[in-house]
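All remarks here apply to the structure that follows.
Residue numbers (our numbering): 6 to 1018.
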């Protein structure tokens, strides 16, 4: 039966009357339903098969059986306009008022679809003419909305309620007027429909037609007496809506009918304001001609001219100007038409207003002038136009409380005192900044926070703007209210390019904020490595503290910036300088658990034993916070020093293999290398001499292991002694030889100014003395008491050493001077010329060469470069003694210092830094000083040595500026004495010479002492 029912459904749908008859004869189920609830009768009705409908009805089909959506057969047929089917169903007793799920009756669906014959049939069968669907639509409302005139007329004739609205209170007339169906509008008006009844939004039929632009409908409604001033819920009249939407013909019709051209909406928008806002020129002109008020403002103070200016309607603006609109009337927030146009970037409007004489400098309530507004938005052409017209360049956005009218003055006052150039600089608008600079804007006028234009640009990272302002003469060192300079703000935010630009322009790299933060302190705290490196290269003081005693290294350590920490260490930052709470860098890092930083500081030789003011050592701080890995690293460091002290080769090897730094120090500041350079523990027992021999071999092996692990050969212990000085002091010639071979410096002084040669001389170690002198040690270098190595030997009764040093002096004195060598060279040259038969007049004496500025230094520069390049220390030293210029440059602009860095010759670097008159600030053709070159190549030790040598702790002053007390002798030597003195209210030591001819030697010695400090 199910299969027959399906076949019956399909036959009924397709209109196969014979198949329907056959299937009915076979007793097919006439009530079979599809998945959506359609029976054979319903599907036949929907498709308009009247005969089949009759067949099915005769076979017992239910006439009102509905689908799942409650469509009965008659509703389906009515919706499709099948009149014959509708009549057959009516005849069979169908319910003409039964609704579907959405509340639609057959009459409603037929009216909505425009089926007049069906509508008439249903009405004659007793259908309710005013039945509404779920949304309140009556048949006549639906037909009016859809424009079915004949249906509307039939329903009017049947007595339909013409004013019954739908759920949104739209009446049939309003629906028809909104859609522009003039014949229906006329029919409904003629039948007595209410022409002014509004919908829920307050829109009357006239207002609806006006906003949609239906001119003929508007005219019909006006003619029928519609209220032309009745507003919607927002106060919009038909004229205002027509003006807003640009319907010129309707505007004219309504004005002709007497519409009020100045009646505003609820928010004060007049028809002219509406038309001007949207740029409807012809309507604006019509309203002006009709007498519209030009300057009537909206509730927020916007006039028609201001609205048109804000929206870039240049032709409307010109029409309003021509009609006499007020050019400078501001809105409630103080925006004049010119300011509005400038802010939005509307150049044609700006030009029109300027030409008409608008006030160029009238500010808004926030104090922003048109130039300020245009600068803030990067409107270059407008900025240029305003400048050319004479706009004030330096007006700042001071808040005008009289113009606020509802705006919170406190909020605006926080934004005060920004000049146009400051605003543009802050936003990074280079071309605007350049225009204002060229026009003569003040470059250093600060806002309320003290931010100048260059500081604002630096803070935001606008490099090109910073460069432009710097080139124009902006003050690069002017701080804001908290003392932050442009360089400091750029450093704090990590703007490397800005930092480099400011440095190149001469910014003070050490100027602190009010709480003592220098640029490098700011960059180090934030972890900006490249900025830190740039500041170091520019000579930043890496040890300057803020008010709380924090150095850049301490700040970087507590924040965990390991790479910054390493960079600062490489350049010579003080490892153990504590802040006011006694926290050293390694204690800070240990407390925060920054293991990489702790490891870097250990490797650099930080003091692991120094407590903070709470009595906590780095290990105690780490342990208290549970930083297990940091505690383990510190413990391993302690064990390495202990293993070296005991000459435990295997244990030392194991600890180094575990990654323990060979540069860790004990409580005396001794690194493992210092410990190894000291005498071995005294052997005991029967085979003491055997044990001593083994200990010596173990020491050598340990030192080699330490070097292989990266031990720093010239690290100083607390008293300033290097490992070489320790070995020299104890006469350990084998250790001295090993250290010299590894590159130990013979020039380094301890805290008393003693060099390794002083140490060896004082203790009478002849072999060590010869080793050190052969390595280039100076026999004339003096300690802080003015003692030479010879003096220390005398003071300690080392007569053999005194004899050796005296012999070396005599040999040096016997060598010809530079002048003598020059004369000998001239003579040899003259002899050669004479031998060759040339005239004596062709000989060019050396003195003449000097007088023509081709001096001996120039002649030897190529030789010096060659010697430095190949790493020949002895030859380089000889050339320097002969007068070679240490600052000569090659084709790449490199000095010998650059070459020593490039070729990785540390001994030569030290020699050159010690050379008299050397200039470490010379830049090569790439713009790099030797320091920058060392940093770029990763030569950390080189960078540290150059940086240290470049610092000039003393300066040349007049002798009269120093008060010398000759009654207090601090020291005396063979060439002079050291007296107590006072300079700038500070006690100083004044070193003097007995013979003025030794002054150059004194200066040379003091420079050397500075280099070796």
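In this text, a Cβ means the ideal position worked out from N, Cα and C, and glycines have one as well.
Bear in mind that the values here come from a model prediction, so they are computed numbers and not experimental data.
Taking DSSP as the reference, what is the three-state secondary structure of residue i?
i: residue 714; result: coil
i: residue 969; result: strand
i: residue 340; result: coil
i: residue 248; result: helix
i: residue 256; result: helix
i: residue 621; result: coil
i: residue 465; result: helix
i: residue 737; result: coil
i: residue 1031; result: Outside the displayed span of the chain (6 to 1018) sits residue 1031, for which this structure offers no information.
i: residue 2; result: An answer regarding residue 2 cannot be provided, because it is not within the stretch 6 to 1018 covered by the chain.
i: residue 489; result: coil
i: residue 890; result: coil
i: residue 694; result: Unreliable placement is indicated for residue 694, whose pLDDT of 40 sits below 50; the coordinate value is still reported in the next sentence. Helix at residue 694.
i: residue 303; result: coil
i: residue 233; result: coil
Between the alpha carbons of residue i and residue j, how many angstroms are there, rounded?
i: residue 209; j: residue 236; result: 8 angstroms
i: residue 172; j: residue 161; result: 21 angstroms
i: residue 123; j: residue 164; result: 17 angstroms
i: residue 981; j: residue 508; result: 43 angstroms
i: residue 779; j: residue 739; result: 15 angstroms
i: residue 785; j: residue 575; result: 30 angstroms
i: residue 584; j: residue 984; result: 35 angstroms
i: residue 383; j: residue 396; result: 16 angstroms
i: residue 181; j: residue 80; result: 25 angstroms
i: residue 560; j: residue 459; result: 27 angstroms
i: residue 152; j: residue 64; result: 40 angstroms
i: residue 150; j: residue 85; result: 18 angstroms
i: residue 444; j: residue 378; result: 17 angstroms
i: residue 648; j: residue 609; result: 19 angstroms
i: residue 305; j: residue 206; result: 23 angstroms
i: residue 263; j: residue 234; result: 9 angstroms
i: residue 286; j: residue 273; result: 20 angstroms
i: residue 765; j: residue 732; result: 9 angstroms
i: residue 148; j: residue 198; result: 15 angstroms
i: residue 801; j: residue 794; result: 11 angstroms
Per the DSSP calculation, residue i is bridged to which residue(s)?
i: residue 996; result: 983
Thinking C-beta only, is residue j closer than 8 angstroms to residue i?
i: residue 639; j: residue 714; result: no
i: residue 107; j: residue 139; result: yes
i: residue 720; j: residue 762; result: no
i: residue 130; j: residue 88; result: no
i: residue 537; j: residue 492; result: no
i: residue 352; j: residue 387; result: yes
i: residue 218; j: residue 255; result: yes
i: residue 83; j: residue 102; result: no
i: residue 769; j: residue 789; result: no
i: residue 214; j: residue 185; result: yes
i: residue 297; j: residue 275; result: yes
i: residue 942; j: residue 906; result: yes
i: residue 446; j: residue 425; result: yes
i: residue 168; j: residue 202; result: yes
i: residue 578; j: residue 556; result: yes
i: residue 902; j: residue 923; result: yes
i: residue 598; j: residue 570; result: no
Shorter than 8 angstroms from the beta carbon of residue i to some beta carbon of chain D?
i: residue 762; result: The structure shown contains no chain D; it holds only a single protein chain.
For a test of your reading of the model: does the CB of residue i fall under 7 angstroms from any non-hydrogen atom of the ligand HEM? Yes or no.
i: residue 793; result: For the structure depicted, the ligand HEM is absent and the ligand set is empty, with no information on it obtainable.
Are the stretch 465-473 and the stretch 397-404 touching by the rule of at least three beta carbon pairs closer than 8 angstroms?
-> No: the two stretches stay apart, fewer than three of their Cβ pairs being nearer than 8 angstroms.
Meets three-Cβ-pair contact criterion under 8 angstroms: the stretch 312-324 and the stretch 278-290 = These segments touch.
Do the stretch 604-619 and the stretch 664-676 touch if we need at least three Cβ pairs shorter than 8 angstroms?
-> Counting Cβ pairs under 8 angstroms, three or more are found: they touch.
Between the stretch 614-634 and the stretch 676-685, do three or more beta carbon pairs fall short of 8 angstroms?
-> Contact between the stretch 614-634 and the stretch 676-685 is absent, because fewer than three Cβ pairs lie under 8 angstroms.
Can we say the stretch 905-919 touches the stretch 519-526, given the rule of at least three CB pairs closer than 8 angstroms?
-> The count of Cβ pairs closer than 8 angstroms, one atom from the stretch 905-919 and one from the stretch 519-526, stays below three, leaving the stretches out of contact.
Cβ pair count under 8 angstroms reaching 3, the stretch 15-23 against the stretch 36-49 = Yes, the stretch 15-23 touches the stretch 36-49.
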